[in-house]
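Residue numbers (full-length UniProt numbering), protein chains in the order written: chain A, 1 to 245; chain B, 1 to 245.
Report on the following structure.
Protein chains: 2
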Amino acid sequence: MVPHDDGAFAPTTEDAPSSSGFLDDGKNTIGSQLASRLREAIISGELQAGSKINLDKARKTFNVSLSPLREGLARLISDGLVEFEDNRGYRVSSISLANLEEITTLREEFEVFALRESMRLGDVGWEGNVMRALHRLNRTERDAARPETLERWEELHREFHLTLISGCGKPILLHFCSLLLNLNDRYRRVFLTRTSGDRNVSQEHSEIAQGAVARDLDYACDMLRQHIHRTGTNLRNHLATKGTL
Amino acid sequence: MVPHDDGAFAPTTEDAPSSSGFLDDGKNTIGSQLASRLREAIISGELQAGSKINLDKARKTFNVSLSPLREGLARLISDGLVEFEDNRGYRVSSISLANLEEITTLREEFEVFALRESMRLGDVGWEGNVMRALHRLNRTERDAARPETLERWEELHREFHLTLISGCGKPILLHFCSLLLNLNDRYRRVFLTRTSGDRNVSQEHSEIAQGAVARDLDYACDMLRQHIHRTGTNLRNHLATKGTL
DNA sequence: ACTATCAAAATAATCGATTATCCGTCAAGG
DNA sequence: CCTTGACGGATAATCGATTATTTTGATAGT
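Shown next as structure tokens:
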């Protein structure tokens, strides 16, 4: 049996997303582990966008057999990070200005909608999760000199945004938002090694979170939309500058 | 066939979805064919919602080996029609009132948004595609006595809704809408053997399409939203009546 | 030179068998 | 009795080898 401790509190609300990575891991299936490793490799930019994934090389690189490799790649297709074509194999999804703009637009639409629903439906457990995620995020420093802090920050940042909308009671919507965050994070990881100086991102997050738990619908939604929009603009500039498009 | 659309990009104009039967088919990979067969089996209700998928039995039923079977199932996971858990195998996604209501809500949000964008951005080619899809759909009769007409109608209906929003220039959004349509169609296929008598669905489609090509944004969006909403209400009633929830 | 054609190499897809994991059952101990 | 843990059948995951497809590169014909 899997002791899924839905424990004590949080009747309606779901368990706060895994705080410190995964603990019970290590006995997952090879395919699952591969999916994680590949996902990180793609989002971090280690595997270049648009590049072909040679099964034989990948098999040797990761020291696994074909079955779990395909299994792992199949999951990344669901994530939109890998594309596939019959008899032609796999390829890391391309990045482009249009793609980034679509992601930003959809995040504005969907995440804001999900936030509104969360404020409408979320219980006190949700509020607590939001404040905790905010606190954790704001207490974590990004030091461009130490890559592990960047990874950690990305993880907490992702978690904050997901927690914010986790009260909406719409699993499919949450899934879509999660995918969009994944796609968006790849752009940030590739193009931003540090937070742009002209923004106080921590404060933006705080304003959103406080508006959310105060159920100030219009304010919180507006702040979130602006936050996403600014991030998009910021990334677009970097993409235009550094990118080879 | 199901247009699997995450492709690279579909700038503004799109090739009209497969009109003259299937030419390039017949030499796909076994995994692909399986994915299609399984998708149809699930959407049509042949494979009961929530039921476990035994790999050995499936292997014998379809007379294939494990590799392509897993390959096919992996794609249905992307479609949200199959769920998977490590070491526990595959299972047809469950249906529920909550799930149906979420699908309906999200369709209202996403499809309407996509339609608005299509009207804003779509070119004359898109308009033509919409009118053609409408014509094809309205010229096709649903005869409850002949299942093949139901399948045909479902295909054209799906195509109409996708064509309607195909001008939005947002591949990811189209992908999401396509998934939602898939999920929604399963409910209709399972619970409706005939169009409910109190609605003139053909006329609803015509109003939406005409409003769309006339670029009457508010009117068309409103019609589409009501259309989706009515379908949702309709399905919910059938689900409550016939379903064993 | 240019294109078309075919053979060989590279790559992807599939298979059958093996290994690992889960799940129900039953016996021993508390 | 109830709990606990070990056995065994059922099921899933993985592997190594085989088959099918695509791509490459060389050759011949126009």
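We treat Cβ as the ideally placed atom computed from N, Cα and C, and that holds for glycine.
In terms of residue numbering, what span does the alpha helix (DSSP H) encompassing residue i cover?
| i | result |
| --- | --- |
| A/R116 | 97-121 |
| A/K170 | A/K170 -> no alpha helix (DSSP H), and no H or E assigned at all. |
| B/A133 | 124-138 |
| A/E141 | A/E141 -> no alpha helix (DSSP H), and no H or E assigned at all. |
| B/L192 | Counting along the chain, B/L192 falls outside any alpha helix (DSSP H), and DSSP gives it neither H nor E. |
| A/N200 | No alpha helix (DSSP H) holds A/N200; DSSP gives it neither H nor E. |
| A/I165 | That residue, A/I165, is in no alpha helix (DSSP H); it is neither H nor E in DSSP. |
| B/A240 | 217-242 |
Cβ of residue i within 7 Å of Cβ of residue j?
| i | j | result |
| --- | --- | --- |
| B/A114 | B/C168 | yes |
| B/A35 | B/R70 | no |
| B/L224 | B/V112 | yes |
| A/Y187 | A/L235 | yes |
| B/A220 | B/I208 | yes |
| B/I43 | B/D185 | yes |
| B/T29 | A/D86 | yes |
| B/E109 | A/K170 | no |
| B/L47 | B/V82 | no |
| A/L38 | A/G80 | no |
| A/R215 | A/M119 | yes |
Consider the Cβ of residue i: report whether some Cβ of chain B lies at a distance smaller than 7 Å.
| i | result |
| --- | --- |
| A/I172 | yes |
| A/A114 | no |
| A/A58 | no |
| A/S78 | yes |
| A/S166 | no |
| A/E151 | no |
| A/E102 | yes |
| A/T231 | no |
| A/F176 | yes |
Just to check my reading of the structure: residue i and residue j have Cβ atoms closer than 8 Å, yes? What is that Cβ distance to the nearest angstrom?
| i | j | result |
| --- | --- | --- |
| B/G31 | B/L55 | Wrong, their Cβ atoms sit about 14 Å apart, outside the cutoff. |
| residue 258 of chain B | B/A49 | Nothing about residue 258 of chain B can be reported from this structure: the residues present for chain B run from 1 to 245 only. |
| A/L106 | A/L164 | The pair is not a contact, with the Cβ atoms about 16 Å apart (cut-off 8 Å). |
| A/E159 | A/A133 | 6 Å |
| B/R230 | B/R199 | 6 Å |
| A/L217 | A/L100 | Between A/L100 and A/L217 the Cβ distance is about 28 Å, and since that is not below 8 Å, they are no contact. |
| B/S67 | A/S67 | 7 Å |
| B/F191 | B/K242 | 6 Å |
| B/N129 | B/H205 | Not really, about 14 Å apart at Cβ, beyond 8 Å. |
| B/G232 | B/T104 | 3 Å |
| B/S178 | B/W126 | Incorrect: roughly 17 Å between the Cβ atoms, too far for contact. |
Please check if any C-beta of chain A sits within less than 7 Å of the C-beta of residue i.
| i | result |
| --- | --- |
| B/E111 | no |
| B/F62 | no |
| B/A74 | yes |
| B/T29 | yes |
| B/S32 | yes |
| B/D86 | yes |
| B/E159 | no |
| B/L106 | yes |
Give a single yes or no on whether residue i has its beta carbon closer than 6 Å to a heavy atom of the ligand NAP.
| i | result |
| --- | --- |
| B/R230 | Among the ligands in the structure shown, none appear at all, so the ligand NAP cannot be discussed. |
query: Can you list, in chain order, the stretches of the beta strand (DSSP E) that have 3 or more residues and sit fully within the UniProt domain "HTH gntR-type" (28-95) of chain B?
result: 82-85, 89-92
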